[in-house]
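**Student:** The C-terminal position of the sequence shown is numbered 911 in our numbering, with every residue numbered one higher than the one before it.
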Amino acid sequence: MASKRRSSQSLTPTKTAAPEASVGHPAPSSPAPNGLSKDDETILLPGNHPAPITLGGTPTKAAYFNRELSWLAFNRRVLEQAQNARHPLLERVRFLAIVSSNLDEFFEIRVAGLIQQVDNNVVESGGIDALGPREQLRRIHSVVASLVDDQYRCWREQLIPALAAEGITFASATALNHGELAWVRTYFEEQVFPVLTPLGIDQSHPFPQLGNKTLNIVVSLDNPSTPEPDRHFAILPVPRVLPRIVPIDATDADKRGRRFIFLSDIIKLCAADFFPGYKIDGAHAFRVTRNSDLYIDEEEAENLLKKIEEELRNLRRGAAVRLEIEDGVDDAIFATLCDHLSLSHEYVFRLEGPINHLRLMALADIDRPDLKYPAFSPVNVSPLREPSLIFDTLRDRDVLLHHPYDSFQPVVDFVEQAARDPRVLAIKQTLYRTSGDSPFVRALIEASRNGKQVTALVELKARFDEANNIQWARQLEEAGVHVVYGLVGHKTHCKVALVVRRESDGKLRRYAHLGTGNYNPRTARIYTDLSCFTSRAELTADAATLFNALTGFGRAPEFDHLLVAPFTLHRRILELIKRETTNAAAGRPARILAKMNSLVDQAIIDALYAASRAGVQVDLIIRGVCCLVPGVPGLSEKIRVRSLVGRFLEHVRAYYFLNDGSEPAIYAGSADWMPRNFFRRIEVVFPILDPGLRQWMVDELFAMELQDTESARLLAAG
194 MASKRRSSQS LTPTKTAAPE ASVGHPAPSS PAPNGLSKDD ETILLPGNHP APITLGGTPT
254 KAAYFNRELS WLAFNRRVLE QAQNARHPLL ERVRFLAIVS SNLDEFFEIR VAGLIQQVDN
314 NVVESGGIDA LGPREQLRRI HSVVASLVDD QYRCWREQLI PALAAEGITF ASATALNHGE
374 LAWVRTYFEE QVFPVLTPLG IDQSHPFPQL GNKTLNIVVS LDNPSTPEPD RHFAILPVPR
434 VLPRIVPIDA TDADKRGRRF IFLSDIIKLC AADFFPGYKI DGAHAFRVTR NSDLYIDEEE
494 AENLLKKIEE ELRNLRRGAA VRLEIEDGVD DAIFATLCDH LSLSHEYVFR LEGPINHLRL
554 MALADIDRPD LKYPAFSPVN VSPLREPSLI FDTLRDRDVL LHHPYDSFQP VVDFVEQAAR
614 DPRVLAIKQT LYRTSGDSPF VRALIEASRN GKQVTALVEL KARFDEANNI QWARQLEEAG
674 VHVVYGLVGH KTHCKVALVV RRESDGKLRR YAHLGTGNYN PRTARIYTDL SCFTSRAELT
734 ADAATLFNAL TGFGRAPEFD HLLVAPFTLH RRILELIKRE TTNAAAGRPA RILAKMNSLV
794 DQAIIDALYA ASRAGVQVDL IIRGVCCLVP GVPGLSEKIR VRSLVGRFLE HVRAYYFLND
854 GSEPAIYAGS ADWMPRNFFR RIEVVFPILD PGLRQWMVDE LFAMELQDTE SARLLAAG
């Protein structure tokens, strides 16, 4: 076990770690171990905050940030990582690609939803602030236009020159030397031309159904054999099977694998091959983004799996919500595209550079370790590193792992060992998102074939993973696993695995894994998450109650220790905040710390405002959306908000309530503080009960992140 960091900032009276508790490797601090790059920290300040609200006053709509604009501010912070020369060069390119990926989902889901509201004549805001859908779309357009301009400027003016200085260059189709041109022509004829199909557009050729987020080339044509101008245009859809960035392999090119050309440039250069006898007046790449949200009435769906499959097919025909197109396209073609896609100009982005920066992610595969973060390998020093002893270990202690610093392998081992252990009678597990070659699915199938009672709760509605989860559900069912899809109207987002084992004394004992992140070994390498392993009866009994509620019928379940949405979580969080508020008002010690992805719920924000007015120091570490306005006199002056964006995606949800310093309440789990998590999802938040693990949460998870301000940047809120 690596030596744990110790903070000089005290949150509670110091306690001695209990010897029966175990915690894994801590997160890196400064100076970072293993050569890790420090996260960039943004501290949200009041800035252009609303007018101060008097003590005891009720917060107005102006006291909240708009959710969509707050999310765009988060994506701006991601872009700032691409602009930051302190990061390795290829990692900056990766950040630039992430900006595009984030914007794709934002338009597919959030913008699409607002457009639907406008189409349905919705005027009033349904969110936490006073902005109606039209005004939100207007502001989104302005913010996104600026963001995209800066993103492409970063590519042109910062990253391309920096890459060239490292021998990584991009060829322009108009500046290829003789050898490169010959190579490109051969590549086109052998690898590209046979795959593409030109689609002319006229009275006998209808406008094609263009795929969501696929590359297309629009070509302007002129028939030189006619005395009068005879203009046409056609579209070349480019399938995803073709690589978007092509390394040039030519005898007189620079270095193999170091000089590239964009596939779109190759196709534009050779487009005349598809239209013999016609003159090419212009060719431009473009891309359409479509509404990708699933709209399913679960009450009416007799077979949820089949209904979701049907809706996934319908998504191919989702309404267009964005058009990205290379600058310089002919006005007539531009108007025709907008007309056929039913898009007004505010949803069109003319770009000076390659369409879809997400494809730049391929550059990360270049064998240039000097341009990437130092190699990082999780450590496996926990008491669970020997799979055959997992249950013996958990019989005597709780174990807490912090991924990716601690290896995710013990989580896999927990389920695999349960599948093979002859003493294990039953396994129950939730699956929200898992990897393409999931060891958890394999283990559950193996367990079923070994005669164990196996139940898998597969969430079919996990956004953008619906098709994968349908595949897993079918494979599990074919192997004899009991597959259920959870409660109608709720996504099962919690991360829980429960094992029932007959011990050597003949008694049954339950073992559980409770996590903040998905059962996905791939994302566990880049997401920060917590895993808690336990055999405590008070926690495992609640886990059993949860699975019974998800697989059967009955009244609302009661939980003694777990906080479970939509049953108890929201009410209990409000109670915990209220307790701190009451303590502060009475002059007793009070403190709230919370780390999560997003903070949106108005009741929670109002409770935090009340806590601040009572004198409670509130520190929030929020990666993404934050609708709370910090630092406003008379409203939130005791609230500080930090946002960490860096090498690893911050995914931990954890909460700390001082409770007068006597016995702080410390929790971790799957839930952000958003209405959807509280009321439309099944979420599990678990208490950290062991004294040693509680102290680790205080000293290592919370205090060190609050102390780490050397690289802080200030962002004016509002």
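By construction, the Cβ of each residue, glycine as well, lies at the ideal position given by its N, Cα and C atoms.
Report, in whole angstroms, the separation of the C-beta atoms of ALA290 and LEU551, which I expect to be a contact under 8 Å.
**Tutor:** Going by Cβ atoms, the distance from ALA290 to LEU551 rounds to 5 Å, so yes, they are a contact pair.
**Student:** Considering only residues of the same chain and omitting the five flanking positions on each side of SER203, which have a CB-CB separation below 6 Å?
**Tutor:** Model confidence at SER203 stands at a pLDDT of 42, short of 50, so the residue's coordinates are unreliable; what they give is reported in the following sentence. The answer is none, since no qualifying residue turns up.
**Student:** For VAL292, I'd like the list of residues in its chain whose CB is within less than 8 Å of its CB, leaving aside the five on either flank, ordered along the chain.
**Tutor:** Same-chain partners within the cutoff: ASN268, VAL271, LEU272, ALA275, LEU340, GLN344 and HIS550.
**Student:** Closer than 8 Å by C-beta to LEU701: which residues in its own chain qualify, once you throw out the five before and the five after it? Chain order, please.
**Tutor:** Excluding residues within five positions, the ones whose Cβ falls inside 8 Å are LEU618, VAL693, ARG694 and ARG695.
**Student:** Whose C-alpha, out of ASP563, LEU556 and ILE410, is nearest the C-alpha of PRO440?
**Tutor:** PRO440 has its Cα closest to that of LEU556, out of ASP563, LEU556 and ILE410.
**Student:** Between the beta-carbon of VAL877 and the beta-carbon of PHE726, is there less than 9 Å?
**Tutor:** No, these two residues do not count as a Cβ contact at 9 Å.
**Student:** From LYS645 to THR716, what distance separates their C-alpha atoms?
**Tutor:** Those two C-alpha atoms are separated by around 29 Å.
**Student:** With DSSP run on the structure shown, which of helix, strand or coil describes ILE333?
**Tutor:** Three-state DSSP puts ILE333 in a helix.
**Student:** Quick check on the DSSP output: the alpha helix (DSSP H) that includes GLU373 runs from which residue to which?
**Tutor:** Looking at the DSSP string, the run of the alpha helix (DSSP H) that includes GLU373 is 371 to 380.
**Student:** Have a look at LEU669 and ALA358 and give me their C-alpha separation to the nearest angstrom.
**Tutor:** Answer to the nearest angstrom: the Cα atoms are 51 Å apart.
**Student:** Does SER418 pass the burial test, meaning 16 or more other C-beta atoms within 10 Å, or should it be called exposed?
**Tutor:** Flag for SER418 reads exposed.
**Student:** Pick out whichever of ASP524, HIS280, VAL845 and VAL608 has its Cα sitting closest to the Cα of ALA690.
**Tutor:** Among ASP524, HIS280, VAL845 and VAL608, the Cα nearest to that of ALA690 is on VAL608.
**Student:** If I'm right that ARG833 touches PRO826 with Cβ under 8 Å, what's the distance once you round it to whole angstroms?
**Tutor:** Actually they are not in contact, since the Cβ atoms of ARG833 and PRO826 sit about 14 Å apart, beyond 8 Å.
**Student:** Nearest by alpha-carbon distance to ALA861: which of LEU851, PHE841 and ALA787 is it?
**Tutor:** Closest by alpha carbon: ALA787.
**Student:** Do ILE638 and LEU408 have their C-beta atoms within less than 9 Å of each other?
**Tutor:** No, these two residues do not count as a Cβ contact at 9 Å.
**Student:** CB LEU837 to CB ILE814, shorter than 9 Å?
**Tutor:** Yes.
**Student:** Tell me, which residues are paired with TYR849 by DSSP?
**Tutor:** Paired residue(s): LEU786 and ILE859.
**Student:** With H, G and I counted as helix, E and B as strand and the rest as coil, what does DSSP make of HIS242?
**Tutor:** Bear in mind that a pLDDT of 40 at HIS242, under 50, signals an unreliable position, so the number given afterwards is only what the model happens to contain. Correct three-state label for HIS242: coil.
**Student:** Which residue wins for smallest C-alpha separation from PRO571, given the options GLN602, ALA640, ARG543 and LYS565?
**Tutor:** For PRO571, the nearest C-alpha among the options comes from GLN602.
**Student:** Checking the sheet assignment: what are the DSSP bridge partners for ALA705?
**Tutor:** Answer by DSSP bridge pairing, in chain order: LEU691 and THR727.
**Student:** Look at the alpha carbon of ALA244 and the alpha carbon of GLN795, and state the distance between them as a whole number of angstroms.
**Tutor:** For ALA244, the predicted structure reports a pLDDT of 40, less than 50, and the residue's modelled location is therefore unreliable. A value from the coordinates is still provided. Whole-angstrom Cα-Cα distance: 18 Å.
**Student:** For ILE719, is the classification buried or exposed, using 16 other Cβ atoms within 10 angstroms of its Cβ as the cut-off for buried?
**Tutor:** Label assigned to ILE719: exposed.
**Student:** For LEU352, which residues in the same chain have their Cβ closer than 8 Å to its Cβ, ignoring the five residues on either side in sequence?
**Tutor:** Correct list, in chain order: ALA275, LEU282, ARG285, VAL286 and LEU289.
**Student:** What are the boundary residues of the alpha helix (DSSP H) that includes ASP532?
**Tutor:** Counting along the chain, the alpha helix (DSSP H) containing ASP532 begins and ends at 524 to 534.
**Student:** Specify the secondary structure class of ASN277 as computed by DSSP and reduced to three states.
**Tutor:** ASN277 falls in the coil class under three-state DSSP.
**Student:** Could you have a look at VAL304 and say whether DSSP puts it in helix, strand or coil?
**Tutor:** Helix at VAL304.
**Student:** DSSP beta-bridge partners for GLU671?
**Tutor:** Paired residue(s): none; GLU671 is not in a bridge.
**Student:** Buried or exposed: which applies to HIS538, given that a residue is buried once 16 or more other Cβ atoms fall within 10 Å of its Cβ?
**Tutor:** HIS538 should be labelled exposed.
**Student:** Note down the Cα distance separating ILE663 from GLY404, rounded to an integer number of angstroms.
**Tutor:** Distance between the alpha carbons of ILE663 and GLY404: 22 Å.
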